[in-house]
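Protein chains in written order, with this note's numbering: chain S, 711 to 1069; chain G, 711 to 1069.
In this text, a Cβ means the ideal position worked out from N, Cα and C, and glycines have one as well.
Note that this is a predicted model, so its numbers are computed, not measured.
One structure below.
There are 2 protein chains.
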Amino acid sequence: MQSELHRKHFYAVIMAGGSGTRFWPLSRKTLPKQFLDLAGQGKSLLEGVLEHISALVPIERTIIVTHKSLAVETLKRVPHLPPQNLLAEPQSKNTAPCIAWAAHAILRRDPEALLFVFTADHFVSDGVRYQQALERAALAASEGGLVTFGVVPNRPETGYGYIEFGDEIGPGEARRVIRFVEKPDRAKAEAFLQSGRYLWNSGQFVFRAQAILKAIEAHMPELASAFEPLASAKEEELPGLIEMAYAKAPSQSIDHGVMEKAQNIWVVMADFGWSDVGSWTTAWELAPKDAQGNVGEALFVDARRNLVHTSARKAIVLIGVEDLVVVDTGDALLVVPRERSQEVKEAVQRLGGLFPEVL
Amino acid sequence: MQSELHRKHFYAVIMAGGSGTRFWPLSRKTLPKQFLDLAGQGKSLLEGVLEHISALVPIERTIIVTHKSLAVETLKRVPHLPPQNLLAEPQSKNTAPCIAWAAHAILRRDPEALLFVFTADHFVSDGVRYQQALERAALAASEGGLVTFGVVPNRPETGYGYIEFGDEIGPGEARRVIRFVEKPDRAKAEAFLQSGRYLWNSGQFVFRAQAILKAIEAHMPELASAFEPLASAKEEELPGLIEMAYAKAPSQSIDHGVMEKAQNIWVVMADFGWSDVGSWTTAWELAPKDAQGNVGEALFVDARRNLVHTSARKAIVLIGVEDLVVVDTGDALLVVPRERSQEVKEAVQRLGGLFPEVL
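Listed below in structure tokens is the structure:
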């Protein structure tokens, strides 16, 4: 089988640099979203991602890119990761520099490498379909295409970018992408949903390392030239060059910088139960619930559809409340209606002056 | 002045044996209600009671009666109390045995003693009127009457006992009591409120030590005989005799055992802002509030009329919630609508099996 032939060239790139103050007080600057068990699965989102990928890509060919301040914590939580597979960014400059570095680093090992690029903080419920989708995307990418995953929308969400696809069907049943659309307003989102020709952009990609670097050269020449010295450098020169590359590199997403401009873009249907776990609302939706719709360890008395999270053994009693998020971490406590949990981010900023230690 | 003449015979008896699971998780078996700052005054209820009394009765003549398990904690919190003024009950048997013991103990010091008997876990907002009411009650009690304090009701409360008073006016403007009524149903409570002839029983009393022991002899002979040996005992015999007295004594309140049956009962209007601080609802009512009606240290974002209590420095954020009680103690957390806070007691009992350490 063709895909079997390619497998030894499969590399996973996990972008694990996020912060995620929307999950405060559970998430902190030093404990971002990917390290949390936000889907109630008994493991962190990062662990879940690694587990799903491991069926297709061994840990030896899995690269995690994160900010240097999270490097130690990441290695601690993924002890089987070969240390050279952790790329610690000197600065956070969005996804384009992150992918450029990963592509260069992997190309040094394998000029034929094909990259699966994932975020570390999403959740996938159907591992088997996920792997099937990845294999189809690999087929589409093996011929030089830049492949993204599109989630079939089930509501007029205004918080995601959209992908419009055309009729042309390529390898792996991938659809030709007509255009990327930034987060739309409500009216547009409803029109997209109606049309049946738009998918949510999940921010995950598959492409050959050479293909993405070529596309970066064409559409982000500044970024390409910042990282160009890495291609011919000796191993011992790399740390200094990377420092310089990040200093020069523009801060931009791969979506804006490349995918929206390049021609050879394909989308594979992400029919594997994907969620970006963007708020406590989503966390509640994903987690196992009791008969009254409550999530978490607490004594619920006439209480419904609440989410409780605590970091320690603690006697928590909720009486007569509904649709609340209650998160306790010893040094901090949040109480907010589930549907208003997106307001946490702003509130935490106001807290900074009084409680710098809990940010 | 006559009351000046009597002052050297004034004794305060503070009944400080309560448990108060209604304030869980702040209150515990070993940290009952009287030790908590439930009125938001920066001091415990017990400290507040002692402060008000000190204007009338010096600490040398102030007796605190509590269960032996709370004796050490009580002395720790009232370090200026002479240790011999702490009566540590071997068993909790309601208020009648408690008052019988206190009366015997004080009579040994002063046969003319006049007792002010208070609960330790109430709150008084107007200290000056409180002292005036106590002086009037002392006048009424100095002639042998048993005097209670009656709070003018402002709502048809079904949680308190009531006192019906008559037309006869005695010394200190005290009114003759016609009868005590147990906690009424709603219809009766409304009739009482309408009539203008009923007061709430605040569970506080003033009487001469000899008068109350005589009344106990008449109406609770079993209790009287249990404590009778104390009258003529030597100091060193007391501990054993008290142990025996409590073993024999019936468990009954002084209201049921004596006040409801005796003849010479008077009531003084308690116009001093009395509250029994019976629930978190009351605690919220008494405490200082911010402009949105919130009580406690937290970041309140679009949140109104909440009460937050925490035992430690903790970053607490409430967003978009109203009329909630949120109490955090490190090992336990309670979230309940203010108007349902009376359900805490029952919930805590259900918690016992899982978290015996937080009861």
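Residue i lies in the alpha helix (DSSP H); which residues open and close that run?
{"i": "residue 759 of chain S", "result": "755 to 764"}
{"i": "residue 657 of chain G", "result": "This structure cannot settle anything about residue 657 of chain G, because the visible part of chain G is limited to 711 through 1069."}
{"i": "residue 950 of chain S", "result": "948 to 958"}
{"i": "residue 851 of chain G", "result": "837 to 852"}
{"i": "residue 805 of chain G", "result": "805 to 819"}
{"i": "residue 1060 of chain G", "result": "1054 to 1061"}
{"i": "residue 931 of chain S", "result": "931 to 937"}
{"i": "residue 896 of chain S", "result": "896 to 905"}
Could you tell me the boundaries of the beta strand (DSSP E) in which residue i lies?
{"i": "residue 769 of chain S", "result": "Run containing residue 769 of chain S: none; DSSP gives neither H nor E here."}
{"i": "residue 1047 of chain G", "result": "1042 to 1047"}
{"i": "residue 858 of chain G", "result": "856 to 861"}
{"i": "residue 987 of chain G", "result": "From DSSP, residue 987 of chain G is part of no beta strand (DSSP E); its letter is neither H nor E."}
{"i": "residue 824 of chain G", "result": "824 to 829"}
{"i": "residue 978 of chain S", "result": "975 to 979"}
So, under 8 Å CB-CB, residue i and residue j are touching, yes? Tell me the CB distance rounded to an integer number of Å.
{"i": "residue 1021 of chain S", "j": "residue 1038 of chain S", "result": "7 Å"}
{"i": "residue 963 of chain G", "j": "residue 805 of chain G", "result": "5 Å"}
{"i": "residue 727 of chain S", "j": "residue 776 of chain S", "result": "5 Å"}
{"i": "residue 916 of chain G", "j": "residue 817 of chain G", "result": "With 8 Å as the limit, residue 916 of chain G and residue 817 of chain G do not qualify as a contact, their Cβ atoms being about 16 Å apart."}
{"i": "residue 959 of chain S", "j": "residue 933 of chain S", "result": "5 Å"}
{"i": "residue 937 of chain G", "j": "residue 811 of chain G", "result": "6 Å"}
{"i": "residue 884 of chain G", "j": "residue 857 of chain G", "result": "6 Å"}
{"i": "residue 956 of chain G", "j": "residue 1053 of chain G", "result": "In fact, because the Cβ distance is near 33 Å, the residues do not count as touching under 8 Å."}
{"i": "residue 723 of chain G", "j": "residue 760 of chain G", "result": "So it is not a contact: roughly 12 Å between Cβ atoms."}
{"i": "residue 909 of chain S", "j": "residue 881 of chain S", "result": "Between residue 881 of chain S and residue 909 of chain S the Cβ distance is about 18 Å, and since that is not below 8 Å, they are no contact."}
{"i": "residue 830 of chain S", "j": "residue 744 of chain S", "result": "4 Å"}
{"i": "residue 851 of chain G", "j": "residue 918 of chain G", "result": "6 Å"}
Among the residues of its own chain, which have a CB less than 7 Å from the CB of residue i, if the five just before and after it don't count?
{"i": "residue 984 of chain G", "result": "832, 834, 861 and 912"}
{"i": "residue 929 of chain G", "result": "967, 968, 971 and 972"}
{"i": "residue 925 of chain G", "result": "856, 968 and 972"}
{"i": "residue 907 of chain G", "result": "874 and 875"}
So, at 6 Å on beta carbons, what are the nonlocal neighbours of residue i in its own chain, with the 5 sequence-adjacent residues on each side left out?
{"i": "residue 997 of chain G", "result": "750 and 1005"}
{"i": "residue 1027 of chain S", "result": "1009"}
{"i": "residue 1029 of chain S", "result": "1011"}
{"i": "residue 950 of chain S", "result": "none"}
{"i": "residue 712 of chain G", "result": "For residue 712 of chain G, the predicted structure reports a pLDDT of 49, less than 50, and the residue's modelled location is therefore unreliable. The matter cannot be settled from this model."}
{"i": "residue 1041 of chain S", "result": "1068"}
{"i": "residue 900 of chain S", "result": "866"}
{"i": "residue 943 of chain S", "result": "951"}
With the cut-off set at 8 Å, would you say residue i and residue j are in Cβ contact?
{"i": "residue 923 of chain S", "j": "residue 813 of chain S", "result": "yes"}
{"i": "residue 982 of chain S", "j": "residue 872 of chain S", "result": "no"}
{"i": "residue 979 of chain G", "j": "residue 827 of chain G", "result": "no"}
{"i": "residue 1034 of chain S", "j": "residue 1016 of chain S", "result": "yes"}
{"i": "residue 1058 of chain S", "j": "residue 784 of chain S", "result": "no"}
{"i": "residue 886 of chain G", "j": "residue 902 of chain G", "result": "no"}
{"i": "residue 796 of chain S", "j": "residue 781 of chain S", "result": "yes"}
{"i": "residue 1018 of chain S", "j": "residue 755 of chain S", "result": "no"}
{"i": "residue 770 of chain G", "j": "residue 793 of chain G", "result": "no"}
{"i": "residue 893 of chain S", "j": "residue 869 of chain S", "result": "yes"}
{"i": "residue 1061 of chain G", "j": "residue 1013 of chain S", "result": "no"}
{"i": "residue 961 of chain G", "j": "residue 803 of chain G", "result": "yes"}
{"i": "residue 1049 of chain G", "j": "residue 991 of chain G", "result": "yes"}
{"i": "residue 854 of chain G", "j": "residue 941 of chain G", "result": "no"}
{"i": "residue 1045 of chain S", "j": "residue 1045 of chain G", "result": "yes"}
{"i": "residue 896 of chain G", "j": "residue 866 of chain G", "result": "yes"}
{"i": "residue 820 of chain G", "j": "residue 719 of chain G", "result": "yes"}
{"i": "residue 989 of chain S", "j": "residue 935 of chain S", "result": "no"}
Per DSSP, residue i is paired with what?
{"i": "residue 717 of chain S", "result": "Answer by DSSP bridge pairing: none, since residue 717 of chain S is not bridged."}
{"i": "residue 1038 of chain G", "result": "G/1020 and G/1043"}
{"i": "residue 889 of chain S", "result": "S/874"}
{"i": "residue 1025 of chain G", "result": "S/1042"}
{"i": "residue 777 of chain S", "result": "S/799"}
{"i": "residue 911 of chain G", "result": "G/860"}
{"i": "residue 1032 of chain G", "result": "G/1014"}
{"i": "residue 738 of chain G", "result": "G/741"}
{"i": "residue 918 of chain S", "result": "S/824"}
To which residues of the same chain is residue i closer than 8 Å at the C-beta, ignoring the five residues directly before and after it?
{"i": "residue 715 of chain S", "result": "For residue 715 of chain S, the predicted model reports a pLDDT of 49, less than 50, meaning its position is unreliable and no value from the coordinates is stated."}
{"i": "residue 790 of chain S", "result": "769"}
{"i": "residue 741 of chain S", "result": "783"}
{"i": "residue 758 of chain G", "result": "749, 751, 833 and 834"}
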